[in-house]
Amino acid sequence: MTTVPAVEAGRPLPVDFYARPVVDVARDLVGCLLVHGGTAGRIVETEAYHESEPASHAFGTPPRPTSRTRTLFGPPGRAYVYRSYGIHACVNAVCEADGIGAGVLLRAVEPLVGLDAIRARRPGRPDVELASGPGRLTLALGIGLDDDGADLVAGPLRIVAPGHGDPVPRVVTGTRVGITKATDLPWRFVDATSAHVSRPWPPAMRAAR
DNA sequence: CATGGGATTGACT
DNA sequence: GTCAATCCCATGC
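When you line the first sequence up against my numbering, it's residues 1060 to 1268, in that order.
Encoded structure:
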């Protein structure tokens, strides 16, 4: 595991945390807490995307920001929120240096705080499906396109380091899902101890159960 | 300028 | 298992 600069238990992750290679950040975000409004959940699944590979929204020759991806090329530690399939909102943590298009897609959280509000936003869903997918996650925590560009370090939408007593995730690696290009890169990270992840499970997780 | 395709989900056969 | 919903942008004529 990469040495993570200046992370304090229970405190928001600092900008330096995000200003690192995006794959390292994706792995290290598993187990951290995503907070929005009165609700929060433990991050149990992430994927890394980088402008150098064709599955990224930032991929291009040369890579350039569009109206959609402007935030993705901006400074690290912000939220990049985009519309998926014209319907859903999905949220990334912007990584690496300002000017580089790189982000970690947050694919699933285990709801911990504000369960009543979360269940009200996801009527009829069993608890393990409340936020077990990138579109479900934003619905559950009330994250929308208006949160694009939000400061994850100091804003109302933020990511917090685990506390001393919080469970330590068992991170397993797999290939990213829902894409058709660069499908071989092992850039998906899942907490194998959690039931709140999206499918398909990585082989290492199936083997452990 | 017209068309096609997603970093998805949920309803339905 | 199949399929529609629906926005932004890339591609191609």
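Just so it is clear, CB atoms sit at the ideal spot from N, CA and C, and this is done for glycine as well. Note that the structure is a prediction, hence the values are computed from the model and not measured.
_Limits of the alpha helix (DSSP H) - the one that GLY1233 falls within_ = On the first sequence, position 174 is the one that residue 1233 refers to. DSSP places GLY1233 in no alpha helix (DSSP H) but in the uninterrupted beta strand (DSSP E) bounded by 1230-1233.
*In or out: SER1143 buried (at least 16 other Cβ within 10 Å) or exposed?*
Reading the first sequence from its first residue, position 84 is the one you call residue 1143. That one is exposed.
_Distance between ASP1157 and VAL1094 (C-alpha atoms, nearest Å)_ = In the first sequence, counting from the first residue as 1, residue 1094 sits at position 35. In the first sequence, counting from the first residue as 1, residue 1157 sits at position 98. Distance between the alpha carbons of VAL1094 and ASP1157 is about 24 Å.
_Taking 8 Å as the limit between beta carbons, can you name the residues of its chain near LEU1171, skipping five residues before and five after?_
Your numbering for residue 1171 matches position 112 in the first sequence. Setting aside the 5 residues that flank it on each side, LEU1171 is surrounded in the same chain by LEU1092, ALA1099, GLY1100 and ARG1101, each with a C-beta closer than 8 Å to its C-beta; the list follows chain order.
*Please check the pair GLU1112 and GLY1160, which I expect to be a contact at CB under 8 Å, by giving their CB distance rounded to whole angstroms.*
As a first step, residue 1112 must be located in the first sequence, where it is residue number 53. As a first step, residue 1160 must be located in the first sequence, where it is residue number 101. In this structure, GLU1112 and GLY1160 do not form a Cβ contact; the two beta carbons are roughly 11 Å apart against a cut-off of 8 Å.
*Starting from ALA1078 and walking both ways along the alpha helix (DSSP H), at which residues does that stretch end?*
Taking the first residue of the first sequence as 1, we reach residue 1078 at position 19. Element bounds for ALA1078: n/a, residue is neither H nor E.
*Given a threshold of 16 other Cβ atoms within 10 Å of its Cβ, counted over all protein chains shown, does LEU1189 qualify as buried or as exposed?*
The residue given as residue 1189 occupies position 130 in the first sequence. It is buried - the Cβ of LEU1189 has at least 16 other Cβ atoms within 10 Å.
_Nonlocal neighbours in the same chain, by C-beta distance under 7 Å from ALA1176, ignoring five residues either side_ = Start at 1 with the first residue of the first sequence, and residue 1176 comes out as number 117. The beta carbon of ALA1176 is closer than 7 Å to those of GLY1097 and THR1098 in its chain, skipping five residues each way along the sequence.
*asked:* Taking the alpha carbon of ARG1258 as the reference point, which residue from VAL1219, ARG1184 and GLY1192 has its own alpha carbon closest?
replied: Counted from its first residue, the first sequence places residue 1258 at position 199. For ARG1258, the closest of VAL1219, ARG1184 and GLY1192 by C-alpha to C-alpha distance is GLY1192.
*Please go through the same chain and pick out, in chain order, the residues whose beta-carbon is closer than 8 Å to the beta-carbon of VAL1187, but skip the five residues on each side of it.*
Counting from 1 along the first sequence, the entry for residue 1187 is found at position 128. Excluding residues within five positions, the ones whose Cβ falls inside 8 Å are ALA1254 and HIS1255.
*Between the stretch 1234-1245 and the stretch 1083-1090, do at least 3 Cβ pairs fall closer than 8 Å?*
They do not touch, by the three-pair rule.
*Does DSSP classify PHE1118 as helix, strand or coil?*
Residue mapping note: residue 1118 aligns to position 59 of the first sequence, counting from 1. Here DSSP, grouped into helix, strand and coil, assigns PHE1118 to coil.
*Sort out for me which residues DSSP pairs VAL1172 with in a bridge.*
Counted from its first residue, the first sequence places residue 1172 at position 113. VAL1172 pairs with ALA1099.
*Can you tell me whether DSSP reads ILE1019 as helix, strand or coil?*
In the structure as shown, the chain begins at 1060 and stops at 1268. Residue 1019 is therefore absent and cannot be evaluated.
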